[in-house]
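Take any residue in the sequence shown, count from 1 to its spot, add 469: that is its number in the working numbering.
Beta carbons are placed, not taken as given, at the ideal position from N, Cα and C, and that holds for glycine.
Remember, it's a predicted structure, so these values are computed and weren't measured experimentally.
The structure appears below as structure tokens.
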Amino acid sequence: TQQTGVLLVFFIAAGLLGSMFWGWLAQKIGKHRAIITAAVAYAFTQSALMIIPPATMLLAIPGMMSVGFVSSAFILIVRAMVADVADEVRLETGKERVGLLYALVTTTQKIGTAITVGISFWVLDIVGYNAAEGAVNTPEAIRGLELCYVFAPIIFVFFGGAAFIGWKLDATRHADVRRQLDERDTLAAQAALLDSVSGVGLPR
């Protein structure tokens, strides 16, 4: 519908603004703390959608904007953390695995989406909601659909945020990793240069 399209525009616009805020916050308090904060904020903003009266655009717009603002944190910060992990992996193994790690994250996101859809249809079947086109549903079934839409994401996001409690690869640790990588890369470059000039290979 037209109203859905309008809400989606505000949702995306808020996400663009939110990405700048969450990037700033991640630098201030650390990426893992920022994503935990986002998970808690998401629970509040998503839950607030339940108190918005139906067909009330003036309230639905700020509600969807708040959810879009918070939701932008997850992909942004997780991918930034993958880059940090890739640096640590390269330090420990000497191999570049950033492409593999990003592919792994993308795969888990797709799997998570598929699982969520399957669980949602299972829950809707339990509450008696008929998703077939033109089907007539009871008020209780429609209420079950609303609860599933609002609270199912909150549960999964909470588990995701909890997974970062005690995260060890913080800004201090990553700075040390980068320092060691830079030192090793500098020595390797110097050895390669000396090797090419003198023909004398140095141990690496």
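Contact belief for residue i with residue j at Cβ below 8 Å, rounded distance in angstroms
{"i": "L560", "j": "V666", "result": "Wrong, their Cβ atoms sit about 28 Å apart, outside the cutoff."}
{"i": "W491", "j": "L545", "result": "6 Å"}
{"i": "T607", "j": "G597", "result": "7 Å"}
{"i": "F627", "j": "I504", "result": "That pair is no contact at about 12 Å."}
{"i": "G484", "j": "S540", "result": "6 Å"}
{"i": "K497", "j": "M550", "result": "Wrong, their Cβ atoms sit about 16 Å apart, outside the cutoff."}
{"i": "I530", "j": "F479", "result": "5 Å"}
Backbone secondary structure at residue i - three-state DSSP
{"i": "V551", "result": "helix"}
{"i": "V574", "result": "helix"}
{"i": "G581", "result": "helix"}
{"i": "I623", "result": "helix"}
{"i": "W636", "result": "coil"}
{"i": "R566", "result": "coil"}
{"i": "P531", "result": "helix"}
{"i": "A658", "result": "helix"}
{"i": "G492", "result": "helix"}
{"i": "A508", "result": "helix"}
{"i": "Y598", "result": "coil"}
{"i": "P608", "result": "helix"}
{"i": "T514", "result": "helix"}
{"i": "A483", "result": "helix"}
{"i": "A631", "result": "helix"}
{"i": "I588", "result": "helix"}
{"i": "T473", "result": "helix"}
Beta-carbon gap between residue i and residue j smaller than 8 Å
{"i": "R566", "j": "A555", "result": "yes"}
{"i": "A621", "j": "T585", "result": "yes"}
{"i": "V592", "j": "Q515", "result": "no"}
{"i": "G487", "j": "A542", "result": "yes"}
{"i": "E557", "j": "L663", "result": "no"}
*Segment contact flag, the segment 612-626 with the segment 650-659, C-beta cutoff 8 Å, min 3 pairs*: Between the segment 612-626 and the segment 650-659, the count of Cβ pairs shorter than 8 Å is below three; the stretches do not touch.
_If contact is defined by three or more beta carbon pairs under 8 Å, each pair taking one atom from either stretch, is the segment 529-540 in contact with the segment 509-518?_
Yes, the segment 509-518 touches the segment 529-540.
*Can we say the segment 512-523 touches the segment 471-483, given the rule of at least three CB pairs closer than 8 Å?*
Touching, no, given that fewer than three Cβ pairs across the two stretches are closer than 8 Å.
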